[in-house]
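*Asks:* Mind looking over this structure? Questions follow.
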Amino acid sequence: MNVIKLENATKQFGNVVAMDGINLTVEEGKVHGFIGPNGAGKTTTIRVMLGILKPDKGHSTILNMDSWKDAVKIHKSISYVPGDVSLWPNLGGGEVVDFFANLKGGIDEEKKRELYEKFNLDPSKKCRTYSKGNRQKVALVAALASNADIYIFDEPTSGLDPLMESVFQEYVEQLKKANKTVFLSSHILSEVEKLCDVISIIKDGQIVESGTLDELRYLTGIEITLQTAKPIPELANQEGVTDLRVSENAINHYRFMLDTSHYSDLIKYIGAYEVIRLESAPPKLEDLFIRHYEK
Ligand SMILES: Nc1ncnc2c1ncn2[C@@H]1O[C@H](COP(=O)(O)OP(=O)(O)O)[C@@H](O)[C@H]1O
Ligand SMILES: [Mg+2]
-2 MNVIKLENAT KQFGNVVAMD GINLTVEEGK VHGFIGPNGA GKTTTIRVML
48 GILKPDKGHS TILNMDSWKD AVKIHKSISY VPGDVSLWPN LGGGEVVDFF
98 ANLKGGIDEE KKRELYEKFN LDPSKKCRTY SKGNRQKVAL VAALASNADI
148 YIFDEPTSGL DPLMESVFQE YVEQLKKANK TVFLSSHILS EVEKLCDVIS
198 IIKDGQIVES GTLDELRYLT GIEITLQTAK PIPELANQEG VTDLRVSENA
248 INHYRFMLDT SHYSDLIKYI GAYEVIRLES APPKLEDLFI RHYEK
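Per my numbering: the sequence shown = residues -2 to 292.
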């Protein structure tokens, strides 16, 4: 069943087309990653989904209800963490969590305490004293401790350090096990590829790709920089090797993408050519875009 569905949703701000005919479906029980560089239209899309913004054209439904017209009803089933969390400066963090919890008809108190501890958040402090990361934690605790069908997170880990990021991921795994639907936006692919069943990629307000991780396997490859003493004539034909570029300036200097399932085979293969230098790194989203979508 599709719990979120956008059809030809379009939204323009002045001359900027933030959403340019977006078609997107999110299936029940899936963790759906929404990836795109800054300014791609992720936040706008999420606001249209939630009925915070009205699309100029097309429409959005959640649980078969119209996002705009039925926003109040829809919000009962949703936990949402916005990208830029603003809180009431004079309330304590804990008061804000409880306020949101009451709107949603209560909270799991035990889970709430556990979340404070895991996220290392002091709920007694006034919100005005919180850093961006701590404000984000308040919103995360409120969202994760309440019982919803759909969880929507807009770049939830952008202000968090890596340790807290892994705490967040742990809780998303729990939601996944509980068969909840999760929609998770990010501009960092490696951050979400561990969690997501399905990934949609947005660029300039358009969905340029959507599929399971297996279908988008090339996105999760690694980038290899290699220099050898002997030339490797058949490198381009090795399994898992794509986007091979041979440097014109250096001798036997290669850069390519490698599907990590062929990692050991490739290492064995290149050994015969006397490796001088070997580097591997996850590709940057920007590089992937340049390679695949700007042709
Ligand atoms: N309220 C707004 N008024 C004017 N322009 C906006 C507004 N919200 C977003 N935009 C513009 O729309 C584009 C998409 O923005 P946004 O959805 O925030 O992208 P993302 O969340 O992927 O970074 C950007 O060019 C942004 O500047
Ligand atoms: Mg955004």
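Backbone N, C-alpha and C fix where the C-beta goes; we use that ideal spot for every residue, glycine too.
1) In the region 173 to 250, which residue ranges form an unbroken alpha helix (DSSP H) of at least 4 residues, counting only runs that do not cross its ends?
2) So M46 and I104 are supposed to be a Cβ contact under 8 Å. How far apart are they, rounded?
3) In chain order, what residues of the same chain lie with their CB nearer than 6 Å to the CB of F150, ignoring the 5 residues before and after it?
4) The alpha helix (DSSP H) spanning I71 covers which residue range?
5) From the DSSP output, read off the bridge partner residues of G30.
6) Look up N35 in the DSSP assignment and say whether it is helix, strand or coil.
7) Buried or exposed: where does S183 fall if 16 or more other Cβ atoms within 10 Å of its Cβ makes it buried?
8) May I ask which residues mark the beginning and end of the alpha helix (DSSP H) holding D262?
9) Taking DSSP's pairing of strands, which residues face R49 in a bridge?
10) Between V28 and M161, what straight-line distance do the alpha-carbon atoms span, to the nearest angstrom?
11) Within a Cβ cutoff of 8 Å, which residues of the same chain sit near N(-1), ignoring the five residues on either side of it in sequence?
12) Can you give the beta carbon distance from V189 to F116, rounded, assuming they're within the 8 Å contact cut?
13) What would DSSP say about A142, mapped onto helix, strand or coil?
14) Cutting at 6 Å between CB atoms, please list the residues of its own chain near G38, excluding the five before and the five after it.
15) Is the closest heavy atom of ligand 2 to the C-beta of K108 under 6 Å?
*Replies:* So, from the data block:
1) Qualifying alpha helix (DSSP H) stretches, in chain order: 186 to 190.
2) The residue you call residue 46 lines up with position 49 of the sequence shown. The residue you call residue 104 lines up with position 107 of the sequence shown. The pair is not a contact, with the Cβ atoms about 23 Å apart (cut-off 8 Å).
3) Here residue 150 corresponds to residue number 153 of the sequence shown, with the count starting at 1. V78 and L181.
4) Counting from 1 along the sequence shown, the entry for residue 71 is found at position 74. Here the alpha helix (DSSP H) through I71 covers A68 to H72.
5) By 1-based counting over the sequence shown, the position of residue 30 is 33. DSSP output for G30 lists L181 and I196 as bridge partner(s).
6) Stepping through the sequence shown from its first residue, residue 35 is reached at position 38. Coil, per DSSP.
7) Here residue 183 refers to the residue found at position 186 of the sequence shown. Under this definition S183 is a buried residue.
8) Sequence index remark: in the sequence shown, residue 262 carries index 265 (1-based). Here the alpha helix (DSSP H) through D262 covers Y260 to G268.
9) Along the sequence shown, read from residue 1 onward, the residue named residue 49 stands at position 52. According to the sequence shown, residue 49 is Ile rather than Arg. Answer is none; I49 lacks a bridge partner.
10) Along the sequence shown, one-based indexing puts residue 28 at 31. Along the sequence shown, one-based indexing puts residue 161 at 164. Going by the C-alpha atoms only, they are around 19 Å apart.
11) Translated into positions along the sequence shown, residue -1 becomes position 2. Cβ within range, chain order: T22, V23, E24 and E25.
12) Here residue 189 refers to the residue found at position 192 of the sequence shown. Here residue 116 refers to the residue found at position 119 of the sequence shown. Incorrect: roughly 19 Å between the Cβ atoms, too far for contact.
13) What you label residue 142 is simply residue 145 of the sequence shown in a count that begins at 1. Residue state, collapsed to three classes: helix.
14) Taking the first residue of the sequence shown as 1, we reach residue 38 at position 41. Closer than 6 Å at the Cβ level, and outside the excluded window around G38, lie A15, M16, I199 and G202.
15) Looking up residue 108 in the sequence shown gives position 111. No, the Cβ of K108 stays beyond 6 Å of every heavy atom of ligand 2.
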